[in-house]
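A.B. asks: Right, I'll just put the structure down here and ask away after.
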Amino acid sequence: MPHALSLPSPLAAELAQLFVRMDAAYGQAARQAGFACRGCAQNCCRSLFFHYTLAEYLYLKAGLEALPAAERATIRQRAEAIPDPAAPAGVMCPLNAADRCLLYAQRPMICRLHGIPHRLRRPDGKQQIGQGCDDFYRQCGKGVQPLLDRTPLYVEMARLERALRGRTGYGGRIRMTVAQMILAVANGGLL
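Residues in the sequence shown are numbered from 1 upward in steps of one, following full-length UniProt numbering.
What follows is the structure, encoded as structure tokens:
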């Protein structure tokens, strides 16, 4: 049953280590550029991000389930208050309280990597270049070349995702905002 899905301990540990490597790669690129994310007006917690892996969903689910019931209820109310949880652009993430992520350790991949100019070698061999956030360019200038190679991080995430889906048998498509993830967890799991 989909609602009974959980992240097996060995894969959860591997995902935690991957997230540590993501945070380190981001930190190194930010230091190299002289960038400090300080919660700008365009706060990325107000950005529309979709998350595509069962692993991220289950990791966030475990974090939510570890919170006290009252805190989970407040987070759920915030998610329910978003007019369209599938497109909450401009609305603060339901996990953000007083400019802090309540599940910082369990935040999804893009929440860890956003803001730094990056490159990604796609499976078809083409290279994709991604821009930094506006605050990055305000602090560091416009001429900064991609500093963060997301390729090895995405490759490792894809490997973990394949292993997780093989182990759980879950074959559904994931394309969810954090608000949608919160509501899915609150309503008994993925459909």
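Cβ atoms here follow ideal geometry from the backbone N, Cα and C, with glycine treated the same way. Please read all numbers here as calculations on a predicted model, not as lab measurements.
Exposed or buried, which one is Ala69 when buried takes at least 16 other CB atoms within 10 Å?
C.D. replies: To locate residue 69, count along the sequence shown from 1; it is residue 69. The residue in question, Ala69, is exposed, as its Cβ has fewer than 16 Cβ neighbours within 10 Å.
A.B. asks: For the alpha helix (DSSP H) that residue 197 lies in, which residues bound it at each end?
C.D. replies: In the structure displayed, the chain extends from 1 to 191; residue 197 sits before or after that span and is not available.
A.B. asks: Is it buried or exposed for Tyr26, if we count other Cβ within 10 angstroms and need 16 for buried?
C.D. replies: Counting from 1 along the sequence shown, the entry for residue 26 is found at position 26. Label assigned to Tyr26: buried.
A.B. asks: Could you name the residues of the same chain whose beta carbon sits closer than 7 Å to that of Ala87, not counting the 5 residues immediately before and after it, in chain order?
C.D. replies: As a working mapping, residue 87 is identified with position 87 in the sequence shown. Contacts found: Leu48.
A.B. asks: Is the Cβ-Cβ distance between Leu11 and Leu160 less than 8 Å?
C.D. replies: Within the sequence shown, numbered from 1, the residue matching residue 11 stands at position 11. Within the sequence shown, numbered from 1, the residue matching residue 160 stands at position 160. Their beta carbons are under 8 Å apart, which means Leu11 touches Leu160 by this criterion.
A.B. asks: Mapping the DSSP letters down to three states, classify Cys40 as helix, strand or coil.
C.D. replies: To locate residue 40, count along the sequence shown from 1; it is residue 40. If DSSP states are grouped into helix, strand and coil, Cys40 belongs with coil.
A.B. asks: May I ask you to report which of helix, strand or coil DSSP gives Gln131?
C.D. replies: Residue numbering aside, residue 131 sits at position 131 when the sequence shown is read from its first letter. Looking at Gln131 - three-state DSSP - the assignment turns out to be coil, as it is neither helix nor strand.
A.B. asks: Alpha carbon to alpha carbon, how far is Leu64 from Tyr104? Give it in angstroms, no decimals.
C.D. replies: Sequence index remark: in the sequence shown, residue 104 carries index 104 (1-based). Sequence index remark: in the sequence shown, residue 64 carries index 64 (1-based). Their Cα atoms are separated by approximately 11 Å.
A.B. asks: Straight-line CA distance for Ala33 to Phe136?
C.D. replies: To locate residue 33, count along the sequence shown from 1; it is residue 33. To locate residue 136, count along the sequence shown from 1; it is residue 136. Computed Cα separation, rounded: 9 Å.
A.B. asks: So what does DSSP say about Leu95, is it helix, strand or coil?
C.D. replies: Here the question's residue 95 lines up with position 95 in the sequence shown. Leu95: coil per DSSP, three-state reduction.
A.B. asks: So Arg121 is in the alpha helix (DSSP H); what residue range does that whole segment cover?
C.D. replies: Position 121 of the sequence shown holds residue 121. From DSSP, Arg121 is part of no alpha helix (DSSP H) but of the beta strand (DSSP E) over 118–121.
A.B. asks: Check whether the Cβ atoms of Gln145 and Pro123 sit closer than 8 Å, and answer yes or no.
C.D. replies: Sequence index remark: in the sequence shown, residue 145 carries index 145 (1-based). Sequence index remark: in the sequence shown, residue 123 carries index 123 (1-based). No; because the gap between Cβ atoms is not below 8 Å, this pair is not in contact.
A.B. asks: Helix, strand or coil: which one does DSSP assign to Ile182?
C.D. replies: Locating residue 182 in the sequence shown gives position 182, where the first residue counts as 1. Three-state result, Ile182: helix.
A.B. asks: Threshold first: 4 residues or longer. Then list the alpha helix (DSSP H) segments lying entirely within the region 53–106, N to C.
C.D. replies: With a minimum length of 4 residues, the continuous alpha helix (DSSP H) runs that stay inside the region 53–106 are 54–66, 69–81.
A.B. asks: Quick check on Leu148: does DSSP put it in helix, strand or coil?
C.D. replies: The residue you call residue 148 lines up with position 148 of the sequence shown. Here Leu148 sits in strand by DSSP.
A.B. asks: Express the C-alpha separation of Pro94 and Ala79 in angstroms, rounding to a whole number.
C.D. replies: The residue labelled residue 79 in the question sits at position 79 within the sequence shown. The residue labelled residue 94 in the question sits at position 94 within the sequence shown. Near 5 Å, if we compare the C-alpha coordinates of Pro94 and Ala79.
A.B. asks: Return the bridge partner residues of Met176 from the DSSP annotation.
C.D. replies: Indexing the sequence shown from 1 puts residue 176 at position 176. Beta-bridge pairing links Met176 to His51.
A.B. asks: Using the Cα positions of Leu183 and Arg76, report the straight-line distance between them to the nearest angstrom.
C.D. replies: In the sequence shown, counting from the first residue as 1, residue 183 sits at position 183. In the sequence shown, counting from the first residue as 1, residue 76 sits at position 76. If I take the Cα positions, the gap works out to 6 Å.
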